[in-house]
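Presented below is the structure to which this report refers.
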Amino acid sequence: MQIPIGLLGCGTVGAGVVSLVRRRADRVANMTGLRPVIQKILVRDLHKDRGVHFEHEQLTTSAEDILGDPDIQIVVETIGGIEPARTYILEALARKKHVVTANKDLIALHGPEILQTAAANGVSILFEASVGGAIPLLGPLQENLTANEVTDLKGIINGTTNFILSKMTEEGLDFDEALALAQELGYAEADPSSDVDGLDAARKLVILASIAFHTEVHLSDVRVEGIRHVTASDVRYADEAGYVIKLLADGRDRNGRLSLSVRPTLIPKSHPLAHVSDAFNALFVRGDAAGDLMFFGRGAGRMPTASAVVGDIIALVRNLKLGVVTSWPYALAGSRKPVVDFEDDLYKFYFRLMAADQPGVFAQVAHLFGELRVSMETVLQKRVAGGQAEIVIVSHEIPGKLAHEVATRLRSMPNIAVEAVMPVEPVNE
């Protein structure tokens, strides 16, 4: 028996989905007795070469040919963006079709609405590919780790920024050089803002935290900082102090209170995440029963993303065989755990200062730290051109609001400029 599938969009990922469904159809049929078949594909241009062969009757420029077809049981959305993807998905669910999507932006911003619509109509929506490409993350958090209280999520979940920071670390490039290389190799868009400003990773963290912490999470709950201000000097000093700088998505649940951030962070070289380089992604998870786990792999690309999409298609085919529906309880309960202000959370902090290379200047800095009762764990000082000195200080753990006060007070001092302030991941984490 065939399971007809409608595909909305056939760009890079969509073409990969078509190819992979065809390659795995026999296997799925042998496993379930049901054969997934791509029946209709929504495209804008009927004549564009997509690198995959289609029968002419498979292609359409009208979404209604998919949404209004009673034979199509599964709709796969690979259009991306918010509209018209949101409208199409809600309509498909309302017509009692199961849905698969890789659309992180849509799930992060409109997830509860979409999941509640699916539940109200007795159908499933799966979105494994929305975070981490081929890396299985949402399934393990939703199913395999359900016996755990997950307390920590720490992830490198944006390949573009990880590639840039890796090149800055390994080859000594500055930010602009590493970004240009990422764009040349196709790792970064012409407009890289969503990646380098941290928004892409923040949206992924919203999805991960919602599932891991069993609560509704909004994008506004996440403190977001990008990597544009990270310099070759920061990378070099971090290395000397035993750290690597990564754009870290950090989610913590402390007794039902959440802390959520995406920021460039100094990670100890002894931590597994410090060794995730190039465009790879990784997620570190801590559960009260399972302990520490790490998931690693390619987080983007045509076939890695198609792998996750087709995995969800196969899961839906199994569901159809068994007559079950996948639910997302966190979205249905409407629960909202409180979010802790970043300023109250404890971190070590990295401060990089540019100061006049004169007697007494560092003494002023040290006096301020002492006055505010901030202990220094590491201090580095180097003379640079123009009668200036770079001072790098790594503090012991302090509240974020105290780090902010230190930086504000330093900026008010003559002959001192605060070049960078970044959190430091503790060694024992």
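First residue of the sequence shown? That's 0 in this note's numbering, and the numbers climb one at a time after it. Built from N, CA and C at the ideal position, the CB exists for glycine as well.
Proximity below 7 Å, CB of residue i to CB of residue j
{"i": "Asn157", "j": "Ala200", "result": "yes"}
{"i": "Arg251", "j": "Ser260", "result": "no"}
{"i": "Arg285", "j": "Ala133", "result": "no"}
{"i": "Pro422", "j": "Thr264", "result": "yes"}
{"i": "Ala62", "j": "Leu92", "result": "no"}
{"i": "Gly138", "j": "Asn102", "result": "no"}
{"i": "Ala292", "j": "Ala281", "result": "As written in the sequence, residue 292 is Leu, which differs from the Ala given in the question. No, the Cβ-Cβ distance between Leu292 and Ala281 is not below 7 Å."}
{"i": "Thr77", "j": "Gly8", "result": "yes"}
{"i": "Leu105", "j": "Ala84", "result": "yes"}
{"i": "Ala226", "j": "Thr160", "result": "First, the residue type needs correcting, since residue 226 is Ile and not Ala in the sequence shown. Result yes, Cβ atoms of Ile226 and Thr160 sit closer than 7 Å."}
{"i": "Leu315", "j": "Glu396", "result": "no"}
{"i": "Arg18", "j": "Val42", "result": "Arg is not the amino acid found at residue 18; the sequence shown has Ser there. Taking 7 Å as the Cβ cut-off, Ser18 and Val42 do not qualify as a contacting pair."}
{"i": "Val122", "j": "Lys95", "result": "yes"}
{"i": "Ile210", "j": "Ala181", "result": "no"}
{"i": "Thr214", "j": "Lys336", "result": "yes"}
{"i": "Pro35", "j": "Val20", "result": "yes"}
{"i": "Ala355", "j": "Ile390", "result": "no"}
{"i": "Leu114", "j": "Trp327", "result": "yes"}
{"i": "Gly185", "j": "Val223", "result": "no"}
{"i": "Ile37", "j": "Leu6", "result": "yes"}
{"i": "Leu371", "j": "Ile415", "result": "no"}
{"i": "Arg49", "j": "Ala24", "result": "no"}
{"i": "Val339", "j": "Arg256", "result": "yes"}
For residue i, the first and last residue of its enclosing alpha helix (DSSP H)
{"i": "Leu401", "result": "399 to 410"}
{"i": "Tyr186", "result": "No alpha helix (DSSP H) holds Tyr186; DSSP gives it neither H nor E."}
{"i": "Gln115", "result": "103 to 119"}
{"i": "Thr304", "result": "301 to 321"}
{"i": "Ala24", "result": "11 to 31"}
{"i": "Glu432", "result": "Any answer about residue 432 is impossible in this case: the structure gives the chain only from 0 up to 428."}
Nearest neighbour of residue i, chosen from the options [CA to CA]
{"i": "Ser232", "options": "Gly171, Ser334, Leu367, Ala406", "result": "Gly171"}
{"i": "Glu418", "options": "Leu105, His228, Ile124", "result": "His228"}
{"i": "Pro54", "options": "Leu108, Ile40, Gly13", "result": "Before going on, a small fix: residue 54 reads as Glu here, not Pro. The option with the nearest alpha carbon to Glu54 is Ile40."}
{"i": "Lys381", "options": "Val373, Ser374, Ile392, Arg372", "result": "Ile392"}
{"i": "His274", "options": "Ala208, Lys166, Val316, Gly255", "result": "Lys166"}
{"i": "Leu108", "options": "Leu367, Ala187, Asp220", "result": "Asp220"}
{"i": "Arg317", "options": "Leu33, Pro358, Arg94", "result": "Leu33"}
{"i": "Gly154", "options": "Ala248, Arg22, Gly10", "result": "Ala248"}
{"i": "Val378", "options": "Gly385, Leu371, Ala362, Arg256", "result": "Ala362"}
{"i": "Leu218", "options": "Val205, Glu224, Ala211", "result": "Val205"}
{"i": "Lys400", "options": "Lys347, Gln182, Met353", "result": "Lys347"}
{"i": "Tyr242", "options": "Gly322, Ser269, Gly385", "result": "Ser269"}
{"i": "His403", "options": "Glu239, Pro69, Val373, Met302", "result": "Val373"}
{"i": "Ala299", "options": "Leu371, Ala278, Phe283", "result": "Ala278"}
{"i": "Ile266", "options": "Ala240, Arg301, Val12, Ala289", "result": "Ala240"}
{"i": "Val98", "options": "Asp287, Thr325, Lys245, Ser411", "result": "Thr325"}
{"i": "Ile4", "options": "Ile312, Ser411, Val195", "result": "Ile312"}
{"i": "Gly290", "options": "Ala146, Thr31, Met412", "result": "Ala146"}
{"i": "Gly385", "options": "Glu342, Val36, Gln357, Phe174", "result": "Gln357"}
{"i": "Leu136", "options": "Gly197, Ile113, Thr304", "result": "Thr304"}
{"i": "Ile81", "options": "Asp173, His46, Gly110, Asp64", "result": "Gly110"}
{"i": "Val420", "options": "Glu370, Ala24, Leu321, Ile244", "result": "Ile244"}
{"i": "Asp287", "options": "Phe295, Val308, Asn254", "result": "Asn254"}
{"i": "Ile71", "options": "Leu319, Phe350, Val405", "result": "Leu319"}
{"i": "Met412", "options": "His366, Ser394, Met375, Pro425", "result": "His366"}
{"i": "Ala388", "options": "Val405, Gly359, Asp238", "result": "Gly359"}
{"i": "Ala28", "options": "Leu207, Met302, Met0", "result": "Met0"}
{"i": "Arg22", "options": "Ser394, Phe368, Gly310, Ala406", "result": "Gly310"}
One or two residues paired with residue i in a DSSP bridge
{"i": "Asn254", "result": "BP columns for Asn254 are empty, so no partner."}
{"i": "Val378", "result": "Ile392"}
{"i": "Gly290", "result": "Gly286"}
{"i": "Gly154", "result": "Ala248, Leu282"}
{"i": "Ala354", "result": "Ala388, Ile415"}
{"i": "Arg262", "result": "Leu247"}
{"i": "Pro422", "result": "Phe348"}
{"i": "Pro267", "result": "Tyr242"}
{"i": "Thr59", "result": "Leu41"}
{"i": "Val149", "result": "Gly286"}
{"i": "Phe295", "result": "Ala281"}
{"i": "Asn124", "result": "Just to set this straight, residue 124 is Ile in the shown sequence, not Asn. For Ile124, which the question treats as bridged, DSSP gives the partners Val98."}
{"i": "Val383", "result": "Gln387"}
{"i": "Val338", "result": "Leu257"}
Endpoints, the beta strand (DSSP E) within which residue i is located
{"i": "Gly5", "result": "1 to 7"}
{"i": "Arg34", "result": "34 to 41"}
My parser needs the alpha helix (DSSP H) runs of 4 or more residues fully inside the segment 167 to 248; what are they?
174 to 183, 192 to 195, 198 to 211, 231 to 239
Which residue spans inside the segment 64 to 98 form an unbroken alpha helix (DSSP H) run of at least 4?
84 to 93
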